[in-house]
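Student: What the sequence shown shows, in the numbering used here, is residues 5 to 404, in sequence order.
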Amino acid sequence: MGRSKSLLLLILLLLAAGCQNADSGTPAVDLPTQAAAALLPTETLPPTSTPVGEGLPPTRTLTTATPQPTRAITPAPTRTPAPVNAIVNITVPENNAQLLIGQSVNVGGLVQRDTAQTVTVALLTINGQTLLEVEAPVAENNSWQTEFTVPPASSGPAQLQALVRDAAGDILARDVLAVTLVVDTSTLSQYLVVSRPVAGFSVVGGYYLYFDGLAGRPTGNRLTLTILTDNCQVAQATQGIPLNGSGYWQAFVYVPNNISGPGCAMVSFGEPGAEDRWEVSVPIDIKPPEGPDSYGVMIAGPPPGGALFGGQSFTIYGTAYNARDELVQITISLADGQSIAQATAATDDFGYWETTITVPFGAVGSATLNAFIGQAGDEDYASTELLLEILPAPTPTPGP
5 MGRSKSLLLL
15 ILLLLAAGCQ
25 NADSGTPAVD
35 LPTQAAAALL
45 PTETLPPTST
55 PVGEGLPPTR
65 TLTTATPQPT
75 RAITPAPTRT
85 PAPVNAIVNI
95 TVPENNAQLL
105 IGQSVNVGGL
115 VQRDTAQTVT
125 VALLTINGQT
135 LLEVEAPVAE
145 NNSWQTEFTV
155 PPASSGPAQL
165 QALVRDAAGD
175 ILARDVLAVT
185 LVVDTSTLSQ
195 YLVVSRPVAG
205 FSVVGGYYLY
215 FDGLAGRPTG
225 NRLTLTILTD
235 NCQVAQATQG
245 IPLNGSGYWQ
255 AFVYVPNNIS
265 GPGCAMVSFG
275 EPGAEDRWEV
285 SVPIDIKPPE
295 GPDSYGVMIA
305 GPPPGGALFG
315 GQSFTIYGTA
325 YNARDELVQI
335 TISLADGQSI
345 AQATAATDDF
355 GYWETTITVP
365 FGAVGSATLN
375 AFIGQAGDED
385 YASTELLLEI
395 LPAPTPTPGP
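Written as structure tokens, this is what we have:
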């Protein structure tokens, strides 16, 4: 600071001297020009440190590690289980087994299925009515087994089915056994039995079909007889018959002449869905009124296995289909082939025939009752027979 003041004072003195010379007229003397004052160096300060991170783009943070590209890890493929083709079979009981109504039945077999699928066992009539359905537990070795009591609702031909169902209840596999439901009249108070027609019997359209059987405490003392077609779902003829309580019953039902093919003969009592409902269906074969197989004859009475006495006269009756000259021939023969009685019966428009025949005195033992139409070897020949037992003629009681 002192050096600056001295320099300023020197300049002021020089200016004052110049002014004096001008005033006095004395020529000015050129003084040497003072060199410009040198600029003194200023103190150099150390550079100001810049805080880390200032002045850089906002998208980059130096305090954070630079992100590196990540490698996507592909998950290991998982194995999708292959779908199982469902298969089931019934090993117990055997086909055509007889199941006693009101008794327990064991049913078992093997199955191939997914664990989410179930096995059930169903008992059905031949026209598709489900009598019961129960679930069957499956063991680790893929065997299954269940037990049920045969319900008192139907008798005769039936089906036992094993089913594999999915979670929605749809059927994926099925095995079917034919069984027969048997009535024990000593243990059941209410029942229904159809003895005839037998399963597979052939009837011709335009003629009578014969029914008979047993009934125990039929609801309303009345039976309904029906001829069905289309998988036993469509009724083609229906007839009701009154009963006088329990016991033997028989009836003839006309088969329409405009139907043919597989069918069912059904007998029932009680209302559908009611607890006292009984229903028996028998599969039959319906032939057209005319054709190479539209011939037949059957004996309705006496019933098979009946007994007659020597010297006795009895009525024999039945139905015949397309009988030549509308005649039926009847013979009775002993076990050795000896013919002991003959008769001829005429048929009506619906095939019904009836006549009386006499067993001779002295005849005894097993015998065959034969009925036939046409001549043996001809296309229109048909025959049927049943066994009878001929008992010795009763000894006359002497008069008083």
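Even for Gly, the Cβ is constructed at its ideal location relative to N, Cα and C.
Excluding the 5 residues preceding and the 5 following Gly29 in the sequence, name in chain order all residues of the same chain whose CB lies nearer than 6 Å to its CB.
Tutor: Because the pLDDT at Gly29 is just 46, under 50, the model does not fix this residue reliably, and the value given afterwards should be weighed accordingly. None.
Student: Would Val332 pass as a contact of Val286 if the rule is Cβ separation under 8 Å?
Tutor: Their beta carbons are not under 8 Å apart, which means Val332 does not touch Val286 by this criterion.
Student: Provide the residue(s) that pair with Gln342 in DSSP beta bridges, ordered along the chain.
Tutor: Per DSSP, none; premise fails for Gln342.
Student: In angstroms with no decimal places, state the Cα-to-Cα distance between Pro398 and Ile336.
Tutor: Answer to the nearest angstrom: the Cα atoms are 20 Å apart.
Student: Pull up the distance between the alpha-carbon of Tyr258 and that of Thr124, whole angstroms please.
Tutor: About 40 Å.
Student: Count the CB pairs spanning the segment 174–182 and the segment 85–96 that are closer than 8 Å, and state whether there are at least three.
Tutor: These segments touch.
Student: What do you reckon, are the CB atoms on Glu275 and Tyr321 nearer than 8 Å?
Tutor: Against a cut-off of 8 Å, the Cβ pair of Tyr321 and Glu275 comes out as no contact.
Student: What number of angstroms, rounded off, separates the C-alpha of Val198 from the C-alpha of Val186?
Tutor: Val198 and Val186: Cα-Cα distance of roughly 11 Å.
Student: Where in the segment 315–373 do unbroken runs of the beta strand (DSSP E), each at least 3 residues long, occur, reported from the N-terminal end onward?
Tutor: 317–325, 331–338, 343–350, 356–362, all fully within the segment 315–373.
Student: In this structure, does DSSP put Gly310 in helix, strand or coil?
Tutor: Looking at Gly310 - three-state DSSP - the assignment turns out to be coil, as it is neither helix nor strand.
Student: Would you identify the three-state DSSP class for Arg221, choosing helix, strand or coil?
Tutor: Here Arg221 sits in coil by DSSP.
Student: What beta strand (DSSP E) runs, 3 residues minimum, are completely inside the segment 88–159?
Tutor: Those beta strand (DSSP E) runs which fall completely within the segment 88–159 and span 3+ residues are 91–96, 101–104, 108–116, 122–129, 134–139, 147–153.
Student: Going by C-alpha distance, which of Val271, Gln121, Leu114 is nearest Asn145?
Tutor: Ranking the options by Cα distance to Asn145, first place goes to Leu114.
Student: Less than 8 Å between the beta carbons of Ala157 and Trp282, yes or no?
Tutor: For Ala157 and Trp282, yes; Cβs fall inside 8 Å.
Student: For a test of the three-state rule: what should DSSP assign to Pro246, helix, strand or coil?
Tutor: The answer is strand: DSSP assigns Pro246 an E or B state.
Student: With a threshold of 7 Å on Cβ separation, who are the neighbours of Glu98 within its own chain once the five nearest residues in sequence on each side are excluded?
Tutor: Nothing listed; no residue qualifies.
Student: So Ile263 and Gly209 are supposed to be a Cβ contact under 8 Å. How far apart are they, rounded?
Tutor: Indeed they touch by this definition, with Cβ atoms about 6 Å apart.
Student: Between the alpha carbons of Glu137 and Ala339, how many angstroms are there, rounded?
Tutor: About 49 Å.
Student: Whose C-beta lies closer than 8 Å to the C-beta of Asp1 among residues of the same chain, with five residues either side of it excluded?
Tutor: Absent from the structure is residue 1, since the part of the chain shown begins at 5 and ends at 404.
Student: Hey, Leu229 and Phe215 are a contact pair by Cβ (cut 8 Å); roughly how many whole angstroms apart?
Tutor: At roughly 6 Å, the Cβ-Cβ gap stays under 8 Å, so Leu229 and Phe215 are in contact.
Student: Got a sec, what are the start and stop residues for the beta strand (DSSP E) Val183 sits in?
Tutor: Taken as a continuous stretch (DSSP letters only), the beta strand (DSSP E) holding Val183 covers 175–186.
Student: Beta carbon of Tyr356, beta carbon of Thr323: below 8 Å?
Tutor: Yes, they are a contact pair.
Student: Residue range of the beta strand (DSSP E) that Gly300 falls in?
Tutor: Taken as a continuous stretch (DSSP letters only), the beta strand (DSSP E) holding Gly300 covers 300–305.
Student: If you run the structure through DSSP and keep just helix, strand and coil, what is Thr3?
Tutor: Limits of the chain in this structure are 5 at one end and 404 at the other, which puts residue 3 out of reach.
Student: Pull the bridge partners of Gly251 from the DSSP assignment, please.
Tutor: Per DSSP, Ala219.
Student: Note down, in chain order, each residue of its chain lying with its Cβ closer than 8 Å to the Cβ of Asn4, except the 5 sequence neighbours on either side.
Tutor: Since the first and last residues shown for the chain are 5 and 404, residue 4 lies out of range.
Student: Tell me whether Gly217 is buried or exposed, calling it buried when 16 or more other Cβ atoms sit within 10 Å of its Cβ.
Tutor: Its Cβ being crowded by 16 or more others within 10 Å, Gly217 is buried.
Student: Could you compute how far the alpha carbon of Ile175 sits from the alpha carbon of Arg117?
Tutor: Looking at the two C-alpha atoms, the distance is approximately 12 Å.
Student: Figure out for me which residue from Ser250, Tyr212, Asp297 has the closest Cα to the Cα of Gln243.
Tutor: Comparing Cα positions, the closest option is Tyr212.
Student: What did DSSP end up calling Gln165 once you bin it into helix, strand or coil?
Tutor: Gln165 falls in the strand class under three-state DSSP.
Student: With DSSP collapsed to three states, give me the class of Cys268.
Tutor: Residue state, collapsed to three classes: strand.
Student: Between Pro155, Leu247, Asp234, Pro260, which has its C-alpha nearest Ala241's C-alpha?
Tutor: Comparing Cα positions, the closest option is Pro260.
Student: Nearest CA to the CA of Gly341: which residue from Pro155, Thr372, Ala126?
Tutor: Of the candidates Pro155, Thr372, Ala126, the one whose C-alpha sits nearest the C-alpha of Gly341 is Thr372.
Student: Just to confirm my understanding: we take Thr351, look at its own chain, exclude 5 residues before and 5 after, and list those with CB closer than 6 Å. What are they?
Tutor: Answer for Thr351: Ala324, Ala327, Glu330, Trp357, listed in chain order.
Student: If you count every other CB in all the chains shown that lies within 10 Å of the CB of Glu393, and 16 or more means buried, which is it?
Tutor: It counts as exposed.
Student: Helix, strand or coil: which one does DSSP assign to Glu389?
Tutor: Residue state, collapsed to three classes: strand.
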